[in-house]
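For the sequence shown, the numbering used here begins at 8 and goes up steadily by one.
Since the structure comes first, as C-alpha cells, the remarks are kept for the end.
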Amino acid sequence: MRKKYIRIGMFFLCLAVFLVSSWKLTLFVKDYFQASSDYTEAEEAFSLPEEDTFPSMEENSPPPSIYDKAELFFKDCDYDALKNLNKEICGWIVIPAVNISYPILQHNDNQYYLTHLYNHTENHVGSIFMDYRVSKDFSDFNSILYGHNMRDKSMFAKLHQFQKKKTWKKNPYVYIYGGNGIKIYKIFSAFTGDADGLSYAIGLQQKKSKQEFIDYACKHAFYRTKIVPSTSDHIITLSTCSDSEHKYRMIVQGVLLKEE
Numbered sequence: 008m009r010k011k012y013i014r015i016g017m018f019f020l021c022l023a024v025f026l027v028s029s030w031k032l033t034l035f036v037k038d039y040f041q042a043s044s045d046y047t048e049a050e051e052a053f054s055l056p057e058e059d060t061f062p063s064m065e066e067n068s069p070p071p072s073i074y075d076k077a078e079l080f081f082k083d084c085d086y087d088a089l090k091n092l093n094k095e096i097c098g099w100i101v102i103p104a105v106n107i108s109y110p111i112l113q114h115n116d117n118q119y120y121l122t123h124l125y126n127h128t129e130n131h132v133g134s135i136f137m138d139y140r141v142s143k144d145f146s147d148f149n150s151i152l153y154g155h156n157m158r159d160k161s162m163f164a165k166l167h168q169f170q171k172k173k174t175w176k177k178n179p180y181v182y183i184y185g186g187n188g189i190k191i192y193k194i195f196s197a198f199t200g201d202a203d204g205l206s207y208a209i210g211l212q213q214k215k216s217k218q219e220f221i222d223y224a225c226k227h228a229f230y231r232t233k234i235v236p237s238t239s240d241h242i243i244t245l246s247t248c249s250d251s252e253h254k255y256r257m258i259v260q261g262v263l264l265k266e267e
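Shown next as C-alpha cells:
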C-alpha cells in the first residue's frame, strides 16, 4: 500500500513539473512572437528598407564608398518617427553580416531594457540598449551596447557567428543611424571574455589605459583582422551572454571609420 501511495505521489509530482514547464514554455513562446511583431512595427515606423537590400561590402572597401552606400540605404528613414515611439531611443543598429537590425535604447540604469521592449512592454526578450554611463551620441572612447543571447536567434544571439572569420569577411561593418547621422564601425576583434573584464571599461582618459584596452581586445580575438585602433579612435563594444552561468560574454568590437 505504501508503495502505491509513493507511486501516486510521484505521478502527481511529475505532472506538476510538466504543467509548470509547459506554462513557462508557453509564456516564452508568447514573448518571442510579441517581440518579433513589435520590432517589425518599429521598422515600419522608421521606414527601414528590407535588410537584403543593404549594399554588400567587401572588407577592404574604401571608407568613402561605404558611407555613400550607407546614406543611400538610410535616406528614407524617419528618425523623428522613431523617437516618437520612445524618447529613450538613441539610434538604430544594423549588422548586415548576421542580419541584426534593432532600435537602440538607453535608460538610467542597465536593468530596465533587459526585460522591456522598446515600447515599454514587459518582455523577457528585452531590447538592444546602451550602457547608461556612456554618451548617447557615441562620443566616448568605448561605447557599450548590450543584448540578450536569445534561443530564437533574435537580439544579439547572432553575434556568436563572428567566432568564424568567414562571417567577418562577409561584411565586417556595424552601422549606427542616429540623430547626428550615420556612424560606421569596422569590426577589429571578436572573442569570449569575462563578464566584468577590461572590455567594459568606461571613461578611459589616459593614453596608457586606452592602449591596454586595445591590446587586450586584439590579444583575445578569435582571429586576426589586421585592424588595430589608435588611442584617439572611438570604439563600439557589442556584448551578449556566452554561457548559462553568465560568467562570460561574447564580445564584438569595432572602430569608428572616419568619413572622408
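Note that CB positions come from ideal geometry on N, CA and C, so glycine has one too.
As the structure is a prediction and not an experimental result, all values here were calculated from the model.
Given this structure, state the Cα-to-Cα distance separating K176 from K94, to the nearest angstrom. A direct Cα-to-Cα measurement between K176 and K94 gives close to 36 Å.
Can you name the residues that DSSP bridges to Y109? Beta-bridge pairing links Y109 to I100.
Helix, strand or coil: which one does DSSP assign to T47? In this structure, T47 counts as helix in the three-state DSSP scheme.
What is the DSSP secondary structure of T247, counted as helix, strand or coil? Reduced to three states, the DSSP call for T247 is strand.
Just the Cα atoms here: how many angstroms apart are G210 and D222? Taken atom to atom, the span from the alpha-carbon of G210 to that of D222 is near 17 Å.
Have a look at Y125 and A197 and give me their C-alpha separation to the nearest angstrom. Between Y125 and A197, the alpha-carbon positions lie close to 27 Å from each other.
Can you tell me where the beta strand (DSSP E) with A224 in it begins and where it stops? In this chain, A224 is not harboured by any beta strand (DSSP E); it is covered by the alpha helix (DSSP H) spanning K214 to K226.
Integer Cβ distance of L263 from L166, believed to fall under 8 Å: Contact annotation, L263 with L166: C-beta distance approximately 18 Å; criterion of less than 8 Å not satisfied.
Pull up the distance between the alpha-carbon of N106 and that of T128, whole angstroms please. If you take the alpha carbons of N106 and T128, they lie about 24 Å apart.
In the structure shown, what three-state DSSP assignment does H123 receive? Here H123 sits in strand by DSSP.
At the level of alpha carbons, what is the spacing between F229 and F195? Approximately 10 Å, taken between the alpha carbons.
Helix, strand or coil for A164 per DSSP? The answer is helix: DSSP assigns A164 an H, G or I state.
Proximity below 8 Å, CB of V259 to CB of F169: For V259 and F169, yes; Cβs fall inside 8 Å.
Can you tell me whether N178 is buried or exposed, with buried defined as 16 or more other CB within 10 angstroms of its CB? Flag for N178 reads buried.
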